[in-house]
Structures are given as C-alpha cells and as structure tokens.
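Worksheet: the structure to be examined is printed underneath.
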Ligand SMILES: [Zn+2]
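Residue numbers (my numbering): 174 to 512.
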C-alpha cells in the first residue's frame, strides 16, 4: 500500500510537471497575448476612427444635410472629423487643428443647448453660412492626393480624439464659439458684425501676429462705377453718386478694431457690413480708391472677425503655443472643461 502511494505521488508529480504546469503557463501567456491584442486593437481604433467617449446627452447629434434635407444621426466626434476637415486645412499645425476641434465641439454643444428648433428635429446643419462647414469622409478623401489620404485623415481623427469631451465655458456655461478665417491682425466684437448683436465678455477684440503671411490676408475687388451704382440701387433706390465730386465715396467711421463701420456713397450712408455682403468683400476691413472708371476695394482679412482666427491659430501654433493657449488668447477669460 505504501509503495503504491509512493508511485501514486510520483505519478501525480509527473503529471503536474509534464502536463499541468506547461498548460497553465501557456494559458497565462495566451491571456497576456490577448490583452496585448486588445490594447493594440483599441489603439489602432483610437488612431483611426471612433473613440468610446461617453458624452451622455451629447453623445449623438442629429445633423441636417441642407441639400438633401436628410437628417443623419451621428456621434459628436465623428461629426467633428467632418467639421475640422472642412473648416481648416489639414496641413495646419496640430495644435491649431486641436483648437479648431475644441471650438467646433463647443459651437456644436452651444447650438444643441441654445438653438433648439432652429432646424426642426435636427441639432445642426452642414451649411457653413448657417452653422459649421461639414464634409463626409468619402468626399474629403477624394480631394486629397491618394498617397496622403490615410495620413491626413489620421491627423484629423487624432486632433478630435485627443481633445475628446473638451469644450470652452465662461462662468460654467458653454460659450458661443464663433470663429473665422483671418482677422487681419485684430479680431472684432460681435455688436459690430451683427445688427443687434450682443457683446459677450469672452468675445473681445484681440491682436494676433503673423496673419499677414497667409493668402487669406489680402484681397481686392474691382468694380466699375456703373456696376457699383447698379448693385447699390437694388437696395437703395434713391442713391445718387456724382463721381465728379471730391469725396463722392467716403468712409465715415471705423469700429474699435479698425474695420469700416459706415461709408457714404454720394447721398447715401451704408453700413460697412452691408457693403461687405452686397459687394462680396472678404471682410469689412477695407479701403476704397477710385481709379479712372473703376472703384477698387482693398481688403484685409477674411470673415466676420469674431472669435478665433484660424490662420491666427496656425500662426500662434507655429510660434510654439499649444491649443489651450490659442483658445484662451481668442476667447477672453474662458475655461476648458470636460463634459
Ligand atoms: Zn444651420
């Protein structure tokens, strides 16, 4: 019996050493390998597409496609890939793109919270003249060189994902994060851009250097005296301009940021913002000169000038500023909050 027990113990030890232990070790290694695989999967997923960030009530948004009239339900960050890649050139600095991602997310949350009903059942639309520009991944990819598509898209995704959940607040409330292309060196306050526009403490006029290096900085509109008169007559029927008169066209007043507030065309006074929209000028920062039969509008900057300047953001990033510093420069007194 004792001998039998001894053999039984040897047998059990043999089984343990030869069969069970290697099996346990292999299993452990497999578990580790699986974990590694999971992490890798997660990393590559994070790198390329959706992240699993929980926004609770802002998780999904209803995006109205203006042209088709269709409403698409889409996760907020997936929507932001389309906004950032439509709003800012992908070759801009990473920190500028991140600032754009946070500004666009903030704008979106503000629309959802404050502009309910503007688009019926939808939260926001894809028309840049109304809400924010948006482009589908498919259309965006087509516009890039084939060998750059993958890298470009990954860069966009990275800017959105690395700022996941972040929005700008002022006094604990989401801000109305306006942005534009090029401020011409100085941003504008809202009441000078939108008639009846409310001035907000976080939208002050601020200066940025380096914007003159961008193509959006300078532009010119040349229009003949006759065409100008015809265009203005559409809205100002009694307008008369005697071009023989000295100062037949004169800028009367400037805003605090140096943009045109009022212009007198002959017998009629017209607001700078009206002149901009009627003549398709890129901004209200313009000068006027008459040369022979033509009126020449020389324009500085691009866009309404309120909030963040996109070229200004890129210029700041080139000077070594990060996205938080960029946002805090353009939006006075804000906090970056995670929702
Ligand atoms: Zn809209």
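Don't be surprised by glycine CBs; every beta carbon is placed ideally from N, CA and C.
Let's test the definition: count the other Cβ atoms within 10 Å of the Cβ of residue i and tell me whether it reaches 16, buried, or not, exposed.
i           : result
residue 425 : exposed
residue 252 : buried
residue 395 : exposed
residue 324 : exposed
residue 206 : Note that residue 206 has pLDDT 38, beneath the 50 cutoff, so the model's placement of it is unreliable and the number below is only indicative. Classification for residue 206: exposed.
residue 301 : exposed
residue 494 : buried
residue 304 : buried
What residue range does the alpha helix (DSSP H) around residue i cover?
i           : result
residue 498 : 496-503
residue 432 : Note, residue 432: premise wrong, no alpha helix (DSSP H); not H, not E.
residue 285 : 267-287
residue 414 : First-last for residue 414: undefined, no H or E at that position.
residue 332 : 322-334
residue 488 : 483-491
Cα separation between residue i and residue j?
i           : j           : result
residue 505 : residue 415 : 45 Å
residue 215 : residue 232 : Here the model assigns residue 215 a pLDDT of 42, short of 50, so the residue's position is not dependable and the matter cannot be decided.
residue 272 : residue 486 : 7 Å
residue 405 : residue 422 : 13 Å
residue 492 : residue 356 : 17 Å
residue 341 : residue 412 : 45 Å
residue 445 : residue 436 : 6 Å
residue 247 : residue 285 : 14 Å
residue 467 : residue 363 : 32 Å
residue 455 : residue 488 : 20 Å
residue 132 : residue 241 : This structure gives no information on residue 132, because the portion of the chain shown stretches from 174 to 512.
residue 244 : residue 258 : 20 Å
Sort the options by Cα distance to residue i and report the nearest one.
i           : options            : result
residue 308 : 338, 236, 356      : 236
residue 459 : 471, 450, 453, 451 : 471
residue 337 : 282, 380, 432, 444 : 282
residue 500 : 512, 511, 482      : 482
residue 360 : 239, 380, 294, 374 : 380
Got a sec, what are the start and stop residues for the beta strand (DSSP E) residue i sits in?
i           : result
residue 441 : 441-444
residue 339 : 339-343
With a cut-off of 5 Å, give the chain-ordered residues whose Cβ is closer than this to any heavy atom of ligand 1.
Output, sorted by chain position: 298, 303, 304.
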